[in-house]
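> Sharing a structure here in structure tokens format.
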Amino acid sequence: MRRPMVAGNWKMHGTRASNKLLVDELQQRMTDDWGIDVVVFPPYVYLTEVMRQVEGDSIAVGAQNVCAEGPGAFTGEVAAAMLADIGCTHVLVGHSERRRLYGEDDALVARKFAAVLAARMTPILCVGETLDERDANQTDAVVSRQLDAVLRMSGVKSLAKAIVAYEPVWAIGTGRNATPAQAQTVHAVLRSRIAAQDANIAGLLRILYGGSVKAANAAELFANPDVDGGLIGGASLSADEFERICAAAAVQP
Ligand code: 13P
285 MRRPMVAGNW KMHGTRASNK LLVDELQQRM TDDWGIDVVV FPPYVYLTEV MRQVEGDSIA
345 VGAQNVCAEG PGAFTGEVAA AMLADIGCTH VLVGHSERRR LYGEDDALVA RKFAAVLAAR
405 MTPILCVGET LDERDANQTD AVVSRQLDAV LRMSGVKSLA KAIVAYEPVW AIGTGRNATP
465 AQAQTVHAVL RSRIAAQDAN IAGLLRILYG GSVKAANAAE LFANPDVDGG LIGGASLSAD
525 EFERICAAAA VQP
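So the sequence shown is numbered by my numbering: it starts at 285 and just counts up by one.
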């Protein structure tokens, strides 16, 4: 009932030449028969070029970040309206690298989420706990707090136009993915928290898992009932890996 999504977060990687090669290879490998949504997130400066390359086919293009403010005197920032203007359809908000390295707190992430929605794009809200928080049995509390900040500001109905990604910080770029059971447990916590406010929206919401997803572990992660696809970092830079991850998402019932 929920259409799977596989999203490739390229982070701060790539050149014009390497992007072109990667997208060329993806285009040769992608098939609509998979019945999934595929989105790639290049760095800002390459968005337009990648969009031009995928024009007319089924790969969507999104941004990794956005300014919470509207257009104005914010040197170095990019407004949601600008991303929508060039054709972005999705924007990541609250990625743990933004929270950790750039001091983005729950309130700022909630404002970014609202800004993306106001510009009629789809926010992908990233949530996840650190290893210390997991070890202290704080996982549910942390992801709930991160989710609640958005629910308070934008309301549960806003999730009808959004996607959530559970990305445990300790699994990002470490090669140590959450086990399928760990992922399922947290996804179920998130979905039931939303269901307490609106069961219909909770049932339709796609919740992606991210953190060391690769071709070798994608199928077992995606086989969980509350895991609706993946947000892929390192493995999204390899067309071969990314294709196999997409294929793993496609076999879901
Ligand atoms: P890795 O797949 O490299 O662990 O990164 C996950 C991630 O942060 C995607 O947003």
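Cβ atoms here follow ideal geometry from the backbone N, Cα and C, with glycine treated the same way.
Note that this is a predicted model, so its numbers are computed, not measured.
Per the contact definition of three or more C-beta pairs closer than 8 Å, is the segment 448 to 464 in contact with the segment 491 to 511?
Verdict: yes, contact present.
> Compute the minimum distance between the beta carbon of Leu435 and the heavy atoms of the ligand 13P, and state whether it is under 6 Å.
False, no ligand heavy atom lies under 6 Å from that Cβ.
> Using DSSP with H/G/I as helix, E/B as strand and the rest coil, what is Ile370?
Reduced to three states, the DSSP call for Ile370 is helix.
> If you draw a straight line from the C-alpha of Gln536 to the C-alpha of Ala357, how long is it?
With a pLDDT of 48 at Gln536, under the threshold of 50, the modelled position of this residue cannot be trusted; read the value that follows with caution. Distance between the alpha carbons of Gln536 and Ala357: 46 Å.
> Who sits around the ligand COA, taking every residue whose Cβ is closer than 6 Å to one of its heavy atoms?
Within the structure as shown, the ligand COA is missing, the only ligands being the ligand 13P.
> Of the residues Val511, Met437 and Ala480, which one's Cα is nearest the Cα of Ala463?
At residue 463 the sequence reads Thr, which differs from the Ala that was named. Nearest option by C-alpha distance: Val511.
> Per DSSP, Met285 is paired with what?
Paired residues: none, contrary to the question.
> Can you name the residues that DSSP bridges to Ile516?
DSSP lists Gly292 as partners of Ile516.
> Pull up the distance between the alpha-carbon of Lys441 and that of Arg460, whole angstroms please.
Taking the straight line from one Cα to the other gives about 34 Å.
> Which residues in the same chain as Thr315 place their Cβ atom closer than 8 Å to its Cβ, once the five residues preceding and following it in sequence are excluded?
Cβ within range, chain order: n/a, list empty.
> Measure the beta-carbon distance from Gly292 to Ile516 and round it to whole angstroms, keeping in mind my assumption that it falls under 8 Å.
That pair is a contact at about 5 Å.
> Val350 by DSSP, collapsed to three states: which one?
Coil, per DSSP.
> Which of helix, strand or coil does DSSP assign to Ala402?
DSSP places Ala402 in helix when its eight states are reduced to three.
> Return the chain-ordered list of same chain residues with a C-beta closer than 6 Å to the C-beta of Pro288, the five sequence neighbours on each side being excluded.
Contacts found: Ile320, Asp512, Gly513, Ala533 and Gln536.
> In terms of alpha-carbon separation, which member of Glu381, Gly354, Ala363 and Gln311 lies closest to Gly340?
Cα-wise, what sits closest to Gly340 is Gln311.
> When we look at the beta-carbon of Arg418 and count the other beta-carbons within 10 Å, is it buried (16 or more) or exposed?
So Arg418 ends up on the buried side.
> Taking three-plus beta-carbon pairs below 8 Å as touching, is the segment 462 to 479 in contact with the segment 390 to 399?
Contact fails: fewer than three Cβ-Cβ distances are below 8 Å.
> Residues in the same chain with beta-carbon distance under 8 Å from Glu381, minus the five sequence neighbours each way, listed in chain order, please.
Excluding residues within five positions, the ones whose Cβ falls inside 8 Å are Lys295 and Ile456.
> Nearest-angstrom Cα distance between Ser522 and Arg404?
Spanning the two alpha carbons is a distance of roughly 30 Å.
> Residues in its own chain within less than 8 Å of Cys351 by CB, not counting five upstream and five downstream?
The residues are Phe358, Glu361, Val362, Ala363, Ala364, Lys396 and Ala399.
> Take Ala347 as the anchor and find which of Glu353, Cys372, Ala402 and Val334 has the nearest alpha-carbon.
Closest by alpha carbon: Cys372.
> Restricting to Cα atoms, I'd like to know which of Ser520, Asn484 and Asp416 is closest to Cys286.
For clarity, residue 286 is Arg in the given sequence; the question names Cys instead. Nearest option by C-alpha distance: Asn484.
> Look up Arg460 in the DSSP assignment and say whether it is helix, strand or coil.
In the structure shown, Arg460 sits in coil (DSSP, three-state: anything other than H, G, I, E or B).
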